[in-house]
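Chemist: For the sequence shown, my numbering begins at 159 and goes up steadily by one. C-beta: ideal position from N, C-alpha, C; glycine also.
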Amino acid sequence: MSQEETVVGIDLGTTNSCVSIVETGRPRVIPNREGKATTPSIVAFTPKGRRLVGQLAKRQALVNAENTVFAGKRLIGRRWDSKEREQLQQYLPYKLIQGAHDDVRIECHGEAYSPAEIGSIVLAEMKAVAEEYLGHGVQYAVITVPAYFNDAQRQATKDAGRMAGLEVLRIINEPTSAALAYGLNHSDQRRIAVYDLGGGTFDVSILEIQDGVFEVLSTAGDTFLGGEDFDQRVIEWLVFGFAKDHKIDLRQDVMTYQRLKEAAEKARIDLSSDLETEINLPFLFTDANGETYHLQKTLTREKLEALTEDLIERTIEICRSTLEHAYLKPQELNDVILVGGMTRMPKIQEAVAGFFGRSVSHQVNPDEAVALGAALQGATLMSERSDVLLLDVTPHSLGIMIAGGFYQVLIEKNTTVPCSRSHIFTTVKDYQTQVKILVLQGESSQAEDNELLGEVLLDGLTPAPRGEVEIEVTFSISADGLVSVSARDLETSQEQSIQVTATSNLTEEEMQRMIEENIDFALASKTNEEFDRQRQLAELDMQRISDLLPEVEGIVANSAFGQDALQKAHDILERTQASIDEENLAELVSALPALQRTCKIFRQIVEHQQKRA
Ligand code: AMP
Numbered sequence: 159m160s161q162e163e164t165v166v167g168i169d170l171g172t173t174n175s176c177v178s179i180v181e182t183g184r185p186r187v188i189p190n191r192e193g194k195a196t197t198p199s200i201v202a203f204t205p206k207g208r209r210l211v212g213q214l215a216k217r218q219a220l221v222n223a224e225n226t227v228f229a230g231k232r233l234i235g236r237r238w239d240s241k242e243r244e245q246l247q248q249y250l251p252y253k254l255i256q257g258a259h260d261d262v263r264i265e266c267h268g269e270a271y272s273p274a275e276i277g278s279i280v281l282a283e284m285k286a287v288a289e290e291y292l293g294h295g296v297q298y299a300v301i302t303v304p305a306y307f308n309d310a311q312r313q314a315t316k317d318a319g320r321m322a323g324l325e326v327l328r329i330i331n332e333p334t335s336a337a338l339a340y341g342l343n344h345s346d347q348r349r350i351a352v353y354d355l356g357g358g359t360f361d362v363s364i365l366e367i368q369d370g371v372f373e374v375l376s377t378a379g380d381t382f383l384g385g386e387d388f389d390q391r392v393i394e395w396l397v398f399g400f401a402k403d404h405k406i407d408l409r410q411d412v413m414t415y416q417r418l419k420e421a422a423e424k425a426r427i428d429l430s431s432d433l434e435t436e437i438n439l440p441f442l443f444t445d446a447n448g449e450t451y452h453l454q455k456t457l458t459r460e461k462l463e464a465l466t467e468d469l470i471e472r473t474i475e476i477c478r479s480t481l482e483h484a485y486l487k488p489q490e491l492n493d494v495i496l497v498g499g500m501t502r503m504p505k506i507q508e509a510v511a512g513f514f515g516r517s518v519s520h521q522v523n524p525d526e527a528v529a530l531g532a533a534l535q536g537a538t539l540m541s542e543r544s545d546v547l548l549l550d551v552t553p554h555s556l557g558i559m560i561a562g563g564f565y566q567v568l569i570e571k572n573t574t575v576p577c578s579r580s581h582i583f584t585t586v587k588d589y590q591t592q593v594k595i596l597v598l599q600g601e602s603s604q605a606e607d608n609e610l611l612g613e614v615l616l617d618g619l620t621p622a623p624r625g626e627v628e629i630e631v632t633f634s635i636s637a638d639g640l641v642s643v644s645a646r647d648l649e650t651s652q653e654q655s656i657q658v659t660a661t662s663n664l665t666e667e668e669m670q671r672m673i674e675e676n677i678d679f680a681l682a683s684k685t686n687e688e689f690d691r692q693r694q695l696a697e698l699d700m701q702r703i704s705d706l707l708p709e710v711e712g713i714v715a716n717s718a719f720g721q722d723a724l725q726k727a728h729d730i731l732e733r734t735q736a737s738i739d740e741e742n743l744a745e746l747v748s749a750l751p752a753l754q755r756t757c758k759i760f761r762q763i764v765e766h767q768q769k770r771a
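(1) Given ALA223, which residues of its chain have a CB within under 7 Å of its CB, disregarding the five upstream and five downstream residues?
(2) What are the complete alpha helix (DSSP H) segments, minimum 4 residues, inside the stretch 163–218?
(3) Give a single yes or no on whether ASP432 has its beta carbon closer than 8 Å to a heavy atom of ligand 1.
(4) Helix, strand or coil for GLN489 per DSSP?
(5) Looking at ligand 1, does it come within less than 8 Å of ASP361, judged from the CB to the closest heavy atom?
(6) Could you work out which residue in ASN608, ILE629, LYS594, ALA509 is closest to LEU556 when comparing CA atoms only?
(7) To the nearest angstrom, how far is the alpha carbon of ASP346 from that of VAL528?
(8) Since PRO504 is in the alpha helix (DSSP H), which residue starts that stretch and which ends it?
(9) Does ligand 1 have even one heavy atom less than 8 Å from the beta-carbon of VAL154?
(10) What's the gap between the Cα of MET672 and the Cα of LEU596?
(11) Residue range of the alpha helix (DSSP H) that GLY341 falls in?
(12) Assuming LYS316 is part of the alpha helix (DSSP H), what are its boundary residues?
(13) Starting from GLY379, follow the alpha helix (DSSP H) in both directions and report where the run begins and ends.
(14) Measuring only the C-alpha atoms, how far is ALA537 from ARG502?
(15) Helix, strand or coil: which one does DSSP assign to VAL764?
(16) For GLU601, I'd like the list of residues in its chain whose CB is within less than 6 Å of its CB, leaving aside the five on either flank, ordered along the chain.
(17) Where DSSP assigns a beta bridge to ASN438, which residues make up the other side?
(18) Is PHE307 near ligand 1, judged by its Cβ being under 8 Å from some heavy atom?
(19) Checking 9 Å against the spacing of the C-beta atoms, do ILE200 and VAL280 come in under that value?
(20) Nearest to LEU695 by CA position, among ASP169, TYR291, GLN754, is which residue?
(21) Could you work out which residue in ARG426, ILE367, VAL300 is closest to MET284 when comparing CA atoms only?
(22) Name the DSSP beta bridge partners of LEU226, please?
(23) If I follow the unbroken beta strand (DSSP E) through ALA270, where does it start and stop?
(24) Measure how close the beta-carbons of ILE364 and LEU486 come, nearest whole angstrom, since I'm counting them as under 8 Å.
(25) Find the nearest neighbour of GLY358 within the set LYS206, ARG328, GLY379, judged by alpha-carbon distance.
(26) Name the DSSP beta bridge partners of HIS581, please?
(27) When burial is assigned at 16 or more other CB atoms within 10 Å of the CB, is ARG236 buried or exposed?
(28) Whose C-beta lies closer than 6 Å to the C-beta of LYS106 among residues of the same chain, with five residues either side of it excluded?
(29) If I'm right that ASP647 touches LEU615 with Cβ under 8 Å, what's the distance once you round it to whole angstroms?
(30) Mind checking which residues open and close the beta strand (DSSP E) that includes ARG348?
(31) By a C-beta neighbour count over all protein chains shown, 10 Å radius and 16 as the cutoff for buried, is THR650 buried or exposed?
(32) Which whole-angstrom value describes the C-beta separation of SER150 and THR302, a residue pair presumed to lie in contact below a C-beta threshold of 8 Å?
(33) Does ligand 1 have even one heavy atom less than 8 Å from the beta-carbon of ARG502?
See below:
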């Protein structure tokens with residue numbers, strides 16, 4: 159591959175990062191200067207003004223904890239007043255400060271860095287690793303993000319790539335990327351689950367793979383659940399035990415805390431192969447009288463499992479709902495693949511195997527699969543090959559705030575991207591000439607409970623009695639999962655559009671105020687028209703299902719296969735009909751994805767039968 163065509167795949171992880179390229183048709187991980195496949199995602203700033211990255215930064219973390227940034231990915235694209243930032247603040251040794259746009263900054267030696275900047279330093283290091291190996295410059299990259307990342311987090315990651323001097327061809331989801339690597343070794347039709355638990359985030363995706371088409375059926379996750387939280391449980395156990403014995407709170411001192419963190423993670427990792435391990439921290443603490451204290455404890459695997467049971471259970475709950483959204487039962491999957499360092503924990507493997515009712519697959523390397531898949535996707539995009547097609551979904555619903563502080567969804571979660579949807583709204587106040595549209599991402603019916611992505615101000619509306627002005631709002635989500643919005647006054651054709659950015663100018667307080675004062679600004683849904691539009695869509699699918707129903711019933715009667723799909727089809731038809739009868743728009747809109755999926759499953763059952771015949 160020539161210099162111009164080189165594209166790297168980078169897994170920018172919370173704990174570790176990995177870079178990969180495709181050589182002679184196969185993806186391979188590029189080892190770093192220490193010969194390791196992964197590089198710690200750690201950046202340090204020394205007192206002399208040097209920047210250290212990776213292993214070098216990790217090595218000096220103990221003595222320079224306040225200026226060593228680890229797990230920066232947990233902060234990327236987050237707002238200052240998010241609960242995650244508040245939670246992190248309690249135990250991070252480095253200082254967080256509020257940025258000008260309600261964003262989070264990291265302060266080291268008096269300089270403020272955005273989490274995206276920290277990410278860019280790690281990405282630049284991964285670029286350098288690749289360049290050293292290849293012997294020439296690298297311009298293009300595909301970078302992976304957790305599937306459950308929202309728009310702000312994706313946008314910030316893309317910015318990090320740009321700051322690192324890379325042209326980011328695509329942002330792809332980590333589990334989808336791992337599935338691409340897995341798909342290399344399979345040509346038959348498969349349905350798989352990818353369970354991805356890393357240092358800071360959890361994702362699960364259900365995919366169908368066939369003839370080079372990788373279709374994500376559903377995805378969900380938690381961008382604040384990973385190895386860091388498991389470490390935290392062990393640290394708390396050590397801290398509370400020590401406080402009980404000595405009446406000393408070890409959390410007061412940054413360096414002590416850092417030693418505890420390193421010991422906790424090491425113990426956890428040891429317990430993946432051993433049943434018990436010693437945690438030995440001599441001279442851990444010196445009190446005001448000069449008395450020194452040591453810490454020596456035995457941690458058993460059983461105790462670790464008890465300390466972290468609820469975290470594992472949370473991941474399983476997410477698996478359950480993701481599978482439900484895919485309209486599948488565990489036994490309908492062909493494989494369950496594990497990605498992310500945390501999946502080496504035996505209890506996690508056991509819980510995943512227990513839930514899916516099958517042994518987990520070890521066909522992909524949990525540390526490397528994501529980067530390998532990204533390189534494969536990069537090569538596909540670069541060569542414009544059409545034999546691999548990635549159909550991913552958006553993990554969060556997307557909508558706007560409407561009158562009363564409610565949330566109107568325009569794009570449902572698990573909709574295939576790229577996609578675009580329009581909806582017509584109207585004014586709620588007589589002679590209203592301005593409207594501010596708040597763009598939100600999330601699942602709550604209350605606007606304020608969802609993530610605020612940005613705002614669009616549409617000015618110069620035709621002055622008219624309320625309800626008469628029609629405004630068409632169009633949402634688009636790109637293949638990267640990035641959102642853009644436009645709003646158009648249908649009378650004047652006046653249009654405003656935004657690429658929603660990570661640093662929206664509104665704070666939560668301002669948003670709260672807007673919700674309270676929304677009478678001046680808000681829009682109302684043109685319910686009747688919209689209802690008719692959605693009803694037509696639903697009725698089309700209902701008709702398709704009804705047409706296939708007798709044939710599917712016949713097939714199902716003669717086999718054990720498809721019973722469940724049939725039952726679900728009856729349920730969803732009933733639910734949709736009820737929402738039409740009751741003219742319940744919200745219920746109708748929420749039934750549509752299941753209806754579409756049923757349609758697809760029915761077609762598959764019929765096709766499957768035809769192939770067998
Ligand atoms: P990743 O983000 O995929 O690099 O995963 C990093 C996380 O995996 C960190 O929290 C590590 O502590 C954890 N990890 C790595 N190896 C193991 C292991 N053998 N057992 C348990 N956890 C591990």
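Modeler: To lay it out plainly:
(1) Counting only Cβ-Cβ distances below 7 Å, and skipping sequence neighbours, we find PRO251, VAL412, MET413, GLN416.
(2) Those alpha helix (DSSP H) runs which fall completely within the stretch 163–218 and span 4+ residues are 213–217.
(3) Not so, every heavy atom of ligand 1 lies at least 8 Å from the Cβ.
(4) It is helical.
(5) Between ligand 1 and ASP361, a heavy atom-to-CB distance of less than 8 Å is absent.
(6) It is ASN608 whose Cα lies nearest to the Cα of LEU556.
(7) Here the alpha carbon of ASP346 sits roughly 21 Å from the alpha carbon of VAL528.
(8) Run containing PRO504: 504–514, per the alpha helix (DSSP H) assignment.
(9) Absent from the model: residue 154. The displayed extent of the chain is 159 to 771, so no value can be given.
(10) Summary for MET672: the model assigns pLDDT 46, below 50, so the residue's position carries little reliability, and this model does not support an answer.
(11) From DSSP, the alpha helix (DSSP H) with GLY341 extends over 332–341.
(12) That run of the alpha helix (DSSP H) goes 309–321.
(13) That residue, GLY379, is in no alpha helix (DSSP H); its beta strand (DSSP E) goes 371–380.
(14) Here the alpha carbons of ARG502 and ALA537 stand approximately 30 Å from one another.
(15) In the three-state scheme derived from DSSP, where H, G and I count as helix and E and B as strand, VAL764 is classed as helix.
(16) Within the same chain, SER555 come within 6 Å of GLU601 by CB-CB distance, once the 5 residues on both sides are set aside.
(17) The secondary-structure analysis by DSSP pairs ASN438 across a beta bridge with GLN454.
(18) The answer is no for PHE307.
(19) Against a cut-off of 9 Å, the Cβ pair of VAL280 and ILE200 comes out as a contact.
(20) The shortest C-alpha separation from LEU695 is found at GLN754.
(21) Nearest of ARG426, ILE367, VAL300 to MET284, Cα basis: VAL300.
(22) What sits at residue 226 in the sequence shown is Thr, not Leu. Beta-bridge pairing links THR226 to ALA202.
(23) Annotation: the continuous beta strand (DSSP E) that includes ALA270 extends over 269–271.
(24) Indeed they touch by this definition, with Cβ atoms about 6 Å apart.
(25) Per the Cα distances, GLY379.
(26) In the DSSP output, where bridge partners are listed per residue, HIS581 has VAL631.
(27) Classification of ARG236: buried, given that the 10 Å Cβ count is 16 or more.
(28) Lying before the first or after the last residue shown, residue 106 is absent from the chain, which here runs from 159 to 771.
(29) Between LEU615 and ASP647 the Cβ distance is about 12 Å, and since that is not below 8 Å, they are no contact.
(30) Per DSSP, the unbroken beta strand (DSSP E) holding ARG348 starts and ends at 348–355.
(31) By the neighbour-count definition (other C-beta atoms within 10 Å, threshold 16), THR650 is an exposed residue.
(32) Nothing about residue 150 can be read from this structure; the chain reaches only from 159 to 771.
(33) Taking 8 Å as the cut-off, the C-beta of ARG502 counts as close to a heavy atom of ligand 1.
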